Amino acid sequence: MRFDFSLSRRACAQLGIGVLASAAVCSSWASDYPNKPVRVVVGFSAGGTTDVVARIMAKELTESLGQSFIVENRPGGGSNIATEAVKAAAPDGYTLLFVAVTSAINQTLYPNVKFDLNRDFEAVALGAKVPNILVVHPSVPANNVKEFIAWARANNDKISYASSGSGTSIHMAGEMFKVRTGLKTQHIPYKGSAPAVTDLIGGQVQFMFDNMPASWPHVQSGKLKALAVTTKTRSPSAPDVPTLEESGVAPFDVTSWFGLIAPKGTPKEVVDKLNKAMNAAFDKPEVQQAYAKLGAVSQKNTPQDFGNFIRQEVQTWAPVVKASGATVD
């Protein structure tokens, strides 16, 4: 007869069988993990970058740990609905959240947000970073950031920039650019990156920040001009494109990042097992190839590394959101 170890950490703590016995049961349960399918909740629709990276990692975790890691898309509220749902889930390792930079922004952007990423969750691992890129319509008379800023200042009331939606990391990258440069350009939010890029190509807006995978093909075809990437170092996918900091806009280090977190109280043994499996996946050629297509980069990290990274991201975005006056509908 097989003992059912599917007890949550909270349940373990409440067992009236003595401290040592309880620890033994919970340790056995953690070592048995996973013994049933695991849900990986994504706060965005299928097909977006967060979803794509989540599915890459879910496939690797399935192969590594021997149970299905099933991606469940729960879009809405700028990903807050999914985040709140996972916060309320049992801390047993069977409901996880594939979190994105948006959640770090949301803690300031939404006045009544019901979660704190560091207080309410266990960081597991940072899964990937995807550079953003500053792209402009070909008619813009600028071939570098310095020329663009000079032109934009002379035409502040005539130009606008697009984003994939109010409160998204793409929107906030634009707001950070405005804060750093003093520009007063108008923000035009769209329902997703695709329609925003379409209108940029059509000349309805003059510039935008976007995930590199979405806009780079249009740069290569000549439909858009790339002026800079938003990371501290140049992207291996576009080594000739300078960074914003190289171009005189500093500090500026913005990426669309994605990672795995679990409800607070998830056993350390489970967190460590998931972290180890994700770090191992980064070494696989198939993962590296899939990431290369996205312009994504990864590096091995610990749960503590990722927790510190999330804390820093929340602190980075808070003053940008406040200074920009950005709001959501």
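If you count by mature numbering (1 follows the signal peptide of the UniProt record, and there is no 0), then the sequence shown holds residues -30 to -1, 1 to 299, one letter each, in order. Just so you know, even glycine gets a beta-carbon here, dropped at the ideal spot from N, CA and C. Every value quoted in this text rests on a predicted model; they were computed, and no experiment measured them.
Query	Result
Neighbourhood of V284 by C-beta, 7 Å cutoff - its chain only, sequence neighbours within 5 removed	A74, Q77, L87
Sequence-distant residues of the same chain with beta carbon closer than 6 Å to A28, five excluded per side	V10, F39, V41
Segment contact, 8 Å Cβ cut-off, at least three pairs: the stretch 130 to 139 with the stretch 169 to 188	yes
Element boundaries [beta strand (DSSP E), containing Q103]	For the record, residue 103 in the displayed sequence is Ile; it is not Gln. Start and end: 91 to 106.
Euclidean distance between Cα positions of F147 and K263	27 Å
Alpha helix (DSSP H) runs wholly inside the stretch 112 to 177, at least 4 long, in chain order	115 to 124, 139 to 151, 163 to 172
Whole-angstrom distance between G162 and E256, CA atom to CA atom	28 Å
S(-9) (DSSP reduced to helix, strand or coil)	Summary for S(-9): the model assigns pLDDT 47, below 50, so the residue's position carries little reliability; its value from the coordinates is reported in the next sentence. Residue state, collapsed to three classes: helix.
Nearest to V56 (by Cα), restricted to the options K154, A288, A232	A232
Three-way DSSP call (helix, strand, coil) for P233 in this model	strand
Own chain, CB closer than 6 Å to T26, minus 5 neighbours either side, in chain order	The sequence shown places Ile at residue 26, rather than the Thr named in the question. A260, listed in sequence order.
Integer-rounded CB distance, given that D90 should sit under 8 Å from K234	5 Å
Close-in-space but distant-in-sequence residues of the same chain around R281 (CB under 7 Å, 5 per side omitted)	N88
Inter-stretch contact at 8 Å, needing at least 3 Cβ pairs: the stretch 206 to 221 / the stretch 52 to 71	no
Residue-chain proximity (Q174, chain C), Cβ-Cβ < 9 Å	In the structure shown, chain C cannot be found, because there is only a single protein chain.
Cβ-based burial, T203 [other Cβ within 10 Å; buried from 16]	exposed
V290 beta carbon less than 9 Å from that of V149	yes
Secondary structure of L214, DSSP reduced to three states	coil
Per-residue DSSP class, three states only, for V23	helix
Inside the stretch 31 to 72 only - alpha helix (DSSP H) runs reaching at least 4 residues	50 to 57
Contacts around M248, its chain only, beta-carbon distance under 8 Å, and the 5 residues preceding and following it disregarded	M27, E30, L31, V94, A95, G97, L230
Where V284 sits in the DSSP three-state scheme	helix
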